[in-house]
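As structure tokens, the structure follows; a few thoughts come after it.
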Amino acid sequence: MESKSLQTARRMRALEPSATLAMAARASAMAASGIDVIDLSVGEPDFPTPPHICQAGDEAIRTGKTRYTPAAGIPALRKAVADDYSRRSGLSVTPAQVVVSNGAKHSLHNVFTAVLDEGDEVIVPTPYWVSYAELIKLAGAVPVLVETRIDDNFKLSPEALRAAITPRTRMLLLCSPSNPTGVVYSAAELGALADVAIEHDLAVVSDEIYDQLVYDGRESVSFPTLRPGLADRTVVVAGVSKTYSMTGWRIGWTIAPEPLSKAIGNLQSQETSNPCSISQHAAVAALTGPQDCVAEMLKAFERRRDLVAGRLSALPGIRLPEIGGAFYAFFDIREPLSRMKADGIATSMQWCEALLERHHVALVAGSAFGAEGHVRMSFAASEEKLAAGVDRIATFLGVG
Ligand SMILES: Cc1ncc(COP(=O)(O)O)c(C=O)c1O
Numbered sequence: 131m132e133s134k135s136l137q138t139a140r141r142m143r144a145l146e147p148s149a150t151l152a153m154a155a156r157a158s159a160m161a162a163s164g165i166d167v168i169d170l171s172v173g174e175p176d177f178p179t180p181p182h183i184c185q186a187g188d189e190a191i192r193t194g195k196t197r198y199t200p201a202a203g204i205p206a207l208r209k210a211v212a213d214d215y216s217r218r219s220g221l222s223v224t225p226a227q228v229v230v231s232n233g234a235k236h237s238l239h240n241v242f243t244a245v246l247d248e249g250d251e252v253i254v255p256t257p258y259w260v261s262y263a264e265l266i267k268l269a270g271a272v273p274v275l276v277e278t279r280i281d282d283n284f285k286l287s288p289e290a291l292r293a294a295i296t297p298r299t300r301m302l303l304l305c306s307p308s309n310p311t312g313v314v315y316s317a318a319e320l321g322a323l324a325d326v327a328i329e330h331d332l333a334v335v336s337d338e339i340y341d342q343l344v345y346d347g348r349e350s351v352s353f354p355t356l357r358p359g360l361a362d363r364t365v366v367v368a369g370v371s372k373t374y375s376m377t378g379w380r381i382g383w384t385i386a387p388e389p390l391s392k393a394i395g396n397l398q399s400q401e402t403s404n405p406c407s408i409s410q411h412a413a414v415a416a417l418t419g420p421q422d423c424v425a426e427m428l429k430a431f432e433r434r435r436d437l438v439a440g441r442l443s444a445l446p447g448i449r450l451p452e453i454g455g456a457f458y459a460f461f462d463i464r465e466p467l468s469r470m471k472a473d474g475i476a477t478s479m480q481w482c483e484a485l486l487e488r489h490h491v492a493l494v495a496g497s498a499f500g501a502e503g504h505v506r507m508s509f510a511a512s513e514e515k516l517a518a519g520v521d522r523i524a525t526f527l528g529v530g
């Protein structure tokens, strides 16, 4: 008789694997077999980690900083995060409010696990970053997806937020600048959402991992700054992955009111202990060292944004919102899709699969972000690759 002893738990059966990582894995398997693939699937800066940050990691190894650290992070990094955030936001945050984790994804998992009870509802505007819904479900809570439309620049309105609130609503999740849309909310737009959150006593998780990657001279606004007292109900999530091109170092953090920070630290002490000691020292160098590397990467991303937005919006039937930040173009393919049915292509997933198979460009289907009829292109790639990628898309659409 076949044993069921290692059958997975119910919570695992509902868990979807990350669609972006799955697409990237397919693209790299094709590349390994010698195919010239242009992989624009994954949200990862293509720049090397700046040398002074790598040197700090190196130095940490050479000087024996290779042991357990306090679970919530080394004091120097918690202070560097608190100081950096306080300086940029104008709020006064203490190191005790900061918990450093194994990437911002882990920080999000910590917050959901520490705050949400079984059956609590979390309002998540769509299109949403792929991991939100799965991490919320893992915590036993319920993601309530609220659609936003390209005609509204993919922004959640206070009216739509209000309409989604039920007696079980516990939390609102916001991401600005947004993955996957690249849209940046204005202070007024966020303020209007903050008013609804206050009125209904909601917690807010503000994913600000792209806060320094904003274009056209925009200033990014941190959510808790928008109304007095908002910091008492908000957790800010951020990290070094995107700003300093440090995705593999796995350092992210939460900034939360002190009692919740303590709870998150306790959770982490049982789950994973500390994040990598070497990476923590490198992250201190990132936050306290010279910042021209950030400005340089930003300039390169802005040029790529101009290239991709200009070329994609010139393609017939393709629409995209104004990309104010992050490094994604999230475009509407409903019009071309409607013409491709005879070719067996009716969904964004089939569109992406056909593009990959026939023209060797990897994008991610909008369905993975809760927005069928769209696709996401990461422009964290060289201008040559991006131009060639758009050329291949044009050929796929029959206009190249
Ligand atoms: C919106 C958003 N939040 C969080 C993360 C996770 O970042 P990290 O690599 O630090 O876990 C990502 C990474 O893609 C992201 O796009």
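When the sequence shown is numbered by this note's numbering, its final residue is 530 and no position is left out of the sequence of numbers. Note that CB positions come from ideal geometry on N, CA and C, so glycine has one too.
Give the DSSP bridge partners of residue i, in chain order.
i	result
Cys305	Asp337
Gly455	Val344
Phe460	Arg506
Arg449	Asp462
Val491	Ile168
Ser231	Gly382
Val272	Glu251
What span of residues does the alpha helix (DSSP H) with residue i cover, start to end?
i	result
Trp379	From DSSP, Trp379 is part of no alpha helix (DSSP H); its letter is neither H nor E.
Gly519	Glu513 to Phe526
Leu238	Ala234 to Val245
Thr364	First-last for Thr364: Thr364 to Gly369, but that is the beta strand (DSSP E), not the alpha helix (DSSP H).
Met427	Asp422 to Ser443
Checking 8 angstroms against the spacing of the C-beta atoms, do residue i and residue j come in under that value?
i	j	result
Ser336	Thr364	yes
Met301	Val272	no
Gly270	Leu246	yes
Val274	Glu251	yes
Leu445	Leu320	no
Ala154	Ala511	no
Ala368	Asp331	no
Trp481	Ile463	yes
Leu343	Phe457	yes
Ile381	Gly233	yes
Ala386	Gln227	yes
Val260	Ser148	yes
Val167	Ile394	no
Leu397	Leu268	no
Ser497	Pro178	no
Could you compute how far the alpha carbon of residue i sits from the alpha carbon of residue j?
i	j	result
Thr278	Pro257	7 angstroms
Leu286	Tyr198	42 angstroms
Thr311	Ala202	32 angstroms
Phe461	Pro297	35 angstroms
Cys184	Val424	15 angstroms
Cys406	Ala413	11 angstroms
Val314	Ile280	13 angstroms
Residue range of the beta strand (DSSP E) that residue i falls in?
i	result
Val211	Unbroken run through Val211 is the alpha helix (DSSP H), Pro205 to Ser219; no beta strand (DSSP E).
Met470	Looking at the DSSP string, Met470 is not in any beta strand (DSSP E), and its letter there is neither H nor E.
Ala144	Ala144 -> no beta strand (DSSP E), and no H or E assigned at all.
Val351	Where Val351 is concerned, there is no enclosing beta strand (DSSP E), given that its DSSP letter is neither H nor E.
Considering only heavy atoms of ligand 1, list every residue whose Cβ is less than 6 angstroms from one of them, following chain order.
Gly173, Gly233, Ala234, Lys235, Trp259, Cys305, Asn309, Asp337, Ile339, Gly369, Ser371, Thr377 and Gly382
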